[in-house]
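Asks: Position in the sequence shown counted from 1, then plus 63, gives you the numbering used here.
I have a structure I would like to understand better, so I am pasting it below and will then ask my questions one at a time.
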Amino acid sequence: MRLGDSSLTIQQMQRVAAITDPSLKLAWTAAYAADDRKGVDICLLDVSGVSYLTDYFVIITGLSKTQVRAIYQGIEEAALEHCQRQPQHIEGQAECSWVLMDYGDVIVHVQLPKERQYYNLEAFWGHAQRIPFESLVTT
């Protein structure tokens, strides 16, 4: 995907455009972009009620370092195109086993399966509200 050539479908773009909360809009944009790059086990967590650090976590598994790279690059491009947002900071680009994209109000974690299983962020943040990604993909 080239910058300005979003791979979000028209239906996904309409869903994202209808979201009025800019943080949630960014989280969904990241999830859709990750899905486009074949990210698996996509998880959205609303941590606004349990953390002062951020409002949403988006957690994605990439099955190889190459795929992790493609996923985070796709998210970066989609966030810029659809939300006019750039990450404040990105960590882990060199290793591509766990890339953390910090947008302030949204933090995106793209992890290899081993890291995802070991750190188990969903369990650590188990008291956060889980937003089912599958429901918006299939409806």
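Every residue, glycine too, gets a C-beta built ideally from N, C-alpha and C.
(1) Relative to the C-alpha of Ala93, which candidate in Gly167, Asp118, Lys128 and Ile123 has its C-alpha closest?
(2) Do Gly125 and Ile138 have their C-beta atoms closer together than 8 Å?
(3) Beta-carbon separation of Val110 and Ala186 under 8 Å?
(4) For Asp165, which three-state DSSP category applies?
(5) For the alpha helix (DSSP H) that contains Cys146, what are its first and last residues?
(6) Report the residue from Ile105, Ser86, Ala80 and Ile82 whose alpha carbon sits nearest the alpha carbon of Arg193.
(7) Out of Val173, Arg132, Asp168 and Trp161, which one is the CA nearest neighbour of Gln149?
(8) For a quick check, are the C-beta atoms of His172 and Trp188 less than 8 Å apart?
(9) Confirm, please, whether the CB-CB distance from Cys146 to Leu89 is below 8 Å.
(10) Taking DSSP as the reference, what is the three-state secondary structure of Asn183?
(11) Thr92 lies in the alpha helix (DSSP H); which residues open and close that run?
(12) Taking the alpha-carbon of Gly14 as reference, which of Ser114, Gln136, Ser86 and Asp118 has the nearest alpha-carbon?
Replies: Let me spell this out:
(1) Ile123
(2) no
(3) no
(4) strand
(5) Lys128 to Cys146
(6) Ile105
(7) Asp168
(8) no
(9) yes
(10) coil
(11) Pro85 to Asp99
(12) Here the chain covers residues 64 to 202 and nothing more, so residue 14 does not appear.
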